[in-house]
Amino acid sequence: MLMVKSILNEKFTSRIEDICIYNAGLREKNMITKVIVSKCESILPYIFKQYGSTKIDVINPGSYQKGLYSCDNINFYDFEIALDYALKKNSYITFNPRSASPISPLRDFCILTTHGRKCQMKNSPLSHYWKKFWSNCNNACYFSMNFIITKKIYLNEINSYRTLFKSLPLYLNTKLSEHAQKCANLMAKLKRLKCGKTRNISDITAYASNANGMYLMKILFENSYYVNRNTKKILPKNNEMGRLLSSKQKFIGIGITKKDSGVFICLKFTSIKM
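Numbered per my numbering, the sequence shown spans residues 1 to 274.
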């Protein structure tokens with residue numbers, strides 16, 4: 001834990017979700033016996049006990065020679081050389097991970113919505129849908145590229161749930177996305193959930209801590225539908241998520257804004273082309 005506190009005190013990034021710890025080897029006095037491994041471990045489990053271990057590739061699988069690593073503004077194309085330099089300078093390495101193990105699902109994890117606190121279902125029958133889209137995305141992936149990847153995964157996940165009710169896929173709409181992003185920005189500024197639906201446009205707003213927003217659709221779906229024990233069919237409840245997955249809806253906009261250690265999320269959807 002002292003090591004984690006030391007890393008956080010360095011303040012080389014404000015995004016703790018981007019930090020991973022690499023075991024470089026065994027230190028004996030002033031010498032380090034290196035052990036080259038292909039993965040580092042997310043720092044999040046050391047800070048928040050609800051996280052499980054998350055491994056991140058630092059070396060391209062199958063090759064130790066490919067990749068771009070930076071240390072003190074110097075670029076390296078060989079991880080071992082970058083590691084030697086970082087150890088010598090007592091510095092850190094930055095890189096773009098190619099893949100990572102997904103963040104382990106949280107125990108008793110909940111999100112906040114305009115209808116209160118919603119928690120994930122234990123032994124959910126829908127977990128395979130979630131894994132289908134998020135199995136290759138970790139915390140770094142979730143926050144990357146200004147949430148572009150995350151928005152695409154959200155859309156694909158929603159459309160996957162829609163197929164359960166034979167609803168056609170929703171289309172991402174530019175104007176709706178602009179409205180949704182303004183909504184997310186406003187919620188982050190006010191630090192509270194704000195519902196601003198109109199006559200023709202419905203919305204869903206939520207807040208999730210850290211990268212836990214990747215469980216948003218799964219939790220909303222679990223809390224909006226139930227499985228009939230006799231028929232095993234998934235049946236809808238009459239709420240916002242039910243309307244989102246209805247065959248009447250055609251278009252959607254997605255807005256996400258990071259605020260401190262959490263994210264505010266707004267989905268706007270309608271049956272009318274904007």
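The beta carbon of each residue, even a glycine, is placed where N, CA and C say it ideally should be. Only a predicted model underlies this, so the values are computations on that prediction, with no experimental measurement involved.
Does the distance from the CB of residue i to the CB of residue j come in under 8 Å?
| i | j | result |
| --- | --- | --- |
| Leu216 | Leu244 | no |
| Ile111 | Ala206 | yes |
| Ala184 | Ile256 | yes |
| Ser202 | Thr113 | no |
| Tyr161 | Phe221 | yes |
| Gly25 | Lys34 | yes |
| Lys89 | Asp72 | yes |
| Cys141 | Ile149 | yes |
| Leu44 | Glu80 | no |
| Met187 | Phe76 | no |
| Ile153 | Cys137 | yes |
| Phe95 | Leu68 | yes |
| Leu170 | Leu155 | yes |
| Leu176 | Ser247 | no |
| Lys118 | Asn239 | no |
| Asn173 | Gly262 | no |
Kindly identify the DSSP beta-bridge partner or partners of residue i.
| i | result |
| --- | --- |
| Ile275 | Summary: the structure shown does not reach residue 275, with the chain confined to residues 1 through 274, and so no result is reported for it. |
| Glu41 | Ile21, Lys55 |
| Lys118 | Ile111 |
| Phe147 | DSSP output for Phe147 lists no bridge partner at all. |
| Lys34 | Gly25 |
| Thr94 | Ser70 |
| Ser209 | Gly262 |
Look up residue i in the DSSP assignment and say whether it is helix, strand or coil.
| i | result |
| --- | --- |
| Ala86 | helix |
| Ser6 | helix |
| Asp18 | helix |
| Thr113 | strand |
| Ser261 | coil |
| Ala140 | helix |
| Leu26 | strand |
| Leu106 | With a pLDDT of only 46 at Leu106, under 50, the local geometry of the prediction cannot be trusted, and the value read off the model is given with reservation. Note: Leu106 maps to coil in three-state DSSP. |
| Ser177 | helix |
| Lys191 | coil |
| Met274 | coil |
| Phe79 | helix |
| Thr163 | helix |
| Met241 | helix |
| Ser202 | strand |
| Asn123 | coil |
| Tyr64 | With a pLDDT of only 48 at Tyr64, under 50, the local geometry of the prediction cannot be trusted, and the value read off the model is given with reservation. Correct three-state label for Tyr64: coil. |
Q. Counting Cβ pairs, one atom from each stretch, are 3 or more of them under 8 Å apart for the segment 210–228 and the segment 187–198?
A. The segment 210–228 is not in contact with the segment 187–198.
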